[in-house]
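Visitor: Sequential numbering from 16 applies to the sequence shown in my numbering. First, the structure itself, so that you have it in front of you.
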Amino acid sequence: MSFGSLSVTEGSSSSQTITIGNVGTADLHIYSIELEDEEAPFEVGAIGSVLVAPSAETTLAVTYKPVTSADDTTFLLISSDDPDEPVAEVELIGQGIAPVIDIDPISYDFGTLYIGCENLQPLTISNLGNDELVVESLTANTASTDLVFDAAEDVNGALPWSIAPGASLDVWVDYAPLDEYSDVQYVTVTSNDPAAPTVMATQKGVGALYGETVDVFEQPINGSTDIIFAIDWSCSMYDDVANVGSNFATFVTTLAAMDADYHVAAVVADNGCILGSDPYIDNTMSESDQQSIFSTMACLDYGGTSCPKMGGYTEAAFTLLEAALKSSNIGSGGCNEGFYREDGTLALVGVSDEREQSINPYTYYISLFQSMKADPDDMVMHAIGGDYPTGCGGNEPYTGFYEATLATGGTFLSICAADFGSNMEVLAENSAADLTSFELTDTPVEDSIEVKVDGIAVVTGWSYNYATNSVDFADGYVPEGGSTIEVDYALMGDCEG
Numbered sequence: 016m017s018f019g020s021l022s023v024t025e026g027s028s029s030s031q032t033i034t035i036g037n038v039g040t041a042d043l044h045i046y047s048i049e050l051e052d053e054e055a056p057f058e059v060g061a062i063g064s065v066l067v068a069p070s071a072e073t074t075l076a077v078t079y080k081p082v083t084s085a086d087d088t089t090f091l092l093i094s095s096d097d098p099d100e101p102v103a104e105v106e107l108i109g110q111g112i113a114p115v116i117d118i119d120p121i122s123y124d125f126g127t128l129y130i131g132c133e134n135l136q137p138l139t140i141s142n143l144g145n146d147e148l149v150v151e152s153l154t155a156n157t158a159s160t161d162l163v164f165d166a167a168e169d170v171n172g173a174l175p176w177s178i179a180p181g182a183s184l185d186v187w188v189d190y191a192p193l194d195e196y197s198d199v200q201y202v203t204v205t206s207n208d209p210a211a212p213t214v215m216a217t218q219k220g221v222g223a224l225y226g227e228t229v230d231v232f233e234q235p236i237n238g239s240t241d242i243i244f245a246i247d248w249s250c251s252m253y254d255d256v257a258n259v260g261s262n263f264a265t266f267v268t269t270l271a272a273m274d275a276d277y278h279v280a281a282v283v284a285d286n287g288c289i290l291g292s293d294p295y296i297d298n299t300m301s302e303s304d305q306q307s308i309f310s311t312m313a314c315l316d317y318g319g320t321s322c323p324k325m326g327g328y329t330e331a332a333f334t335l336l337e338a339a340l341k342s343s344n345i346g347s348g349g350c351n352e353g354f355y356r357e358d359g360t361l362a363l364v365g366v367s368d369e370r371e372q373s374i375n376p377y378t379y380y381i382s383l384f385q386s387m388k389a390d391p392d393d394m395v396m397h398a399i400g401g402d403y404p405t406g407c408g409g410n411e412p413y414t415g416f417y418e419a420t421l422a423t424g425g426t427f428l429s430i431c432a433a434d435f436g437s438n439m440e441v442l443a444e445n446s447a448a449d450l451t452s453f454e455l456t457d458t459p460v461e462d463s464i465e466v467k468v469d470g471i472a473v474v475t476g477w478s479y480n481y482a483t484n485s486v487d488f489a490d491g492y493v494p495e496g497g498s499t500i501e502v503d504y505a506l507m508g509d510c511e512g
């Protein structure tokens with residue numbers, strides 16, 4: 016007996032009548048009527064009579080009530096006193112038409128994950144039935160912020176979703192523990208599956224601390240800084256060199272206002288020796304003396320008797336600086352003895368209206384000058400040159416030195432600027448200012464970073480710089496000289512292990 020296909024909806028059913036006839040010559044006694052599979056979705060109604068006379072009939076109804084998508088079949092077993100066929104069998108066949116939801120995995124354990132690491136896992140929602148599945152809603156419930164559910168609506172579209180028989184789609188759960196607590200999340204899916212209109216999937220995990228550390232930094236008090244200009248002394252630079260010289264007083268005044276401990280020099284000669292009897296100017300000299308000495312160093316009389324002939328390195332600032340800072344020149348008995356201090360910061364300034372023409376790439380010179388310092392961040396390069404990348408006012412872009420300023424966190428200033436005094440002021444501030452960036456010794460879990468200045472927690476005015484692995488302070492929040500900066504953070508674990 017076939018009931019055909021029947022959509023599984025609330026109250027849906029199909030009934031058929033079975034007739035039992037007695038073709039014998041004696042009364043037929045029916046003892047029992049039952050289903051071979053009691054779990055099959057068929058119901059047997061009451062029989063009209065359990066005693067059937069010869070040539071008579073009785074009936075009973077069988078109702079099919081499918082509960083899900085399935086090919087349902089069983090046998091109706093009719094027991095009687097028929098000596099030839101004591102148990103008569105009637106096969107019952109029906110097909111339920113319905114969507115069937117499946118979530119894989121229904122339970123997922125992320126295990127133990129180091130704080131700062133991340134594990135992204137899909138939840139696959141499939142339709143195992145034979146009718147369209149409609150996902151009506153998804154809800155993620157958790158007390159933790161470490162487990163994040165993503166319905167991927169950018170891929171799947173907005174709810175509700177229709178999933179054809181045999182098809183599936185993915186949603187995602189991201190686990191990124193920020194603490195050592197256990198985390199659990201429940202994702203509840205409601206759909207038109209008549210057998211399971213609500214299904215819940217569970218995800219759990221535990222965060223583990225790989226380690227933690229504290230980096231301590233000291234902001235120098237009036238830290239010493241050595242600043243040296245490498246000046247292009249070619250003919251086209253006449254006006255530009257004069258501009259630097261005439262605004263040098265602004266540079267010195269700015270340094271003095273910062274109470275900086277500075278040595279300043281300029282180099283123009285190929286041998287790297289600083290011109291004049293003073294290898295540097297400093298904050299013990301009067302501003303007029305500093306201006307006069309710098310004029311000699313930079314050869315501002317342009318062609319006077321104190322100036323050397325234009326050398327081969329006049330447009331190769333890196334090479335001039337390399338010569339000026341070589342050990343034989345800055346060491347004992349050298350022509351620049353006293354200028355360079357190992358415990359200070361070093362600021363190198365290139366000034367030219369041409370591209371940088373040293374023989375080696377800028378990266379070579381960055382490494383060379385950084386090697387002079389225990390901390391590479393104590394060396395910075397600045398430039399005054401033609402605008403990058405197009406140049407300006409007939410001046411070529413200062414390629415080579417421009418890239419060096421970017422790589423070392425320096426300042427690039429236009430040689431075409433109308434207000435050269437402002438240029439010199441900015442240059443002074445950026446050459447002798449307090450440290451604004453503090454490189455960490457290990458890779459941190461960013462959200463775990465805590466900063467203290469002189470023992471007081473600081474929650475604003477700083478940020479973590481992923482590219483340099485450092486804590487950077489914004490303008491107005493830079494710790495003063497003599498301050499102690501503590502950076503406490505959890506260590507990033509081995510996320511591949």
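All residues carry an ideal CB built from backbone N, CA and C; glycine is no exception.
CB-CB under 6 Å to Q305, same chain, minus the five flanking residues each way: which ones, in chain order?
Guide: These residues qualify, in order along the chain: V267 and I296.
Visitor: Distance, Cα to Cα, P212 vs V105?
Guide: Their backbone Cα atoms lie some 34 Å apart in a straight line.
Visitor: Run through the region 158-206 for me and flag every whole alpha helix (DSSP H) of 4 or more residues, listed as ranges in chain order.
Guide: Qualifying alpha helix (DSSP H) stretches, in chain order: 168-171.
Visitor: Between the region 424-431 and the region 391-406, do at least 3 Cβ pairs fall closer than 8 Å?
Guide: These segments touch.
Visitor: What does a CB cutoff of less than 6 Å around S141 pick up in its chain, not counting 5 residues either side in sequence?
Guide: The residues are D117 and S183.
Visitor: Spatial neighbours of E195 within its chain, please: C-beta separation below 6 Å, excluding the five flanking residues on both sides.
Guide: For E195, where only same-chain residues beyond five positions count, the Cβ hits under 6 Å are G222 and L224.
Visitor: Could you have a look at P391 and say whether DSSP puts it in helix, strand or coil?
Guide: Residue state, collapsed to three classes: helix.
Visitor: Just to confirm the assignment, what range does the alpha helix (DSSP H) spanning I381 have?
Guide: Per DSSP, I381 belongs to the alpha helix (DSSP H) from Y377 to Q385.
Visitor: Measure from the alpha carbon of E352 to the alpha carbon of each residue in D241, G60, T458 and T451, then state which is nearest.
Guide: Of the listed residues, the one whose Cα sits closest to E352 is D241.
Visitor: Which of the three DSSP states is assigned to G39 in this structure?
Guide: In this structure, G39 counts as coil in the three-state DSSP scheme.
Visitor: Would you kindly work out how many angstroms separate the C-alpha atoms of A338 and V282, rounded to a whole number?
Guide: One C-alpha to the other measures close to 9 Å.
Visitor: In terms of alpha-carbon separation, which member of A85, Y403, S342 and E418 lies closest to D208?
Guide: If we check each option's Cα against that of D208, A85 comes out closest.
Visitor: Using a Cβ-Cβ cutoff of less than 7 Å, which residues in the same chain neighbour P192 once the five nearest sequence positions on both sides are dropped?
Guide: If we look at P192 and ignore the five residues flanking it on each side, its Cβ neighbours are L128, I130, D161, D198, G220 and G222.
Visitor: With a cut-off of 8 Å, do at least 3 Cβ pairs link the region 481-490 to the region 455-467?
Guide: Yes, the region 481-490 is in contact with the region 455-467.
Visitor: Which word fits I381, buried or exposed, when buried means at least 16 other C-beta atoms lie within 10 angstroms of its C-beta?
Guide: Buried, by the Cβ-count rule.
Visitor: Report buried or exposed for V52, applying the criterion of at least 16 other Cβ atoms within 10 angstroms of its Cβ.
Guide: What sits at residue 52 in the sequence shown is Asp, not Val. Label assigned to D52: exposed.
Visitor: Could you check what DSSP says for N286 in three-state terms: helix, strand or coil?
Guide: Residue state, collapsed to three classes: coil.
Visitor: Thinking C-alpha only, which one of L336, R370, G349 and L66 is nearest Q385?
Guide: With distances taken between Cα atoms, Q385 lies closest to L336.
Visitor: Are G226 and D285 close, meaning C-beta to C-beta below 8 Å?
Guide: No, the Cβ-Cβ distance between G226 and D285 is not below 8 Å.
Visitor: Which residue from V82, P69 and E54 puts its Cα closest to that of G26?
Guide: Cα-wise, what sits closest to G26 is V82.
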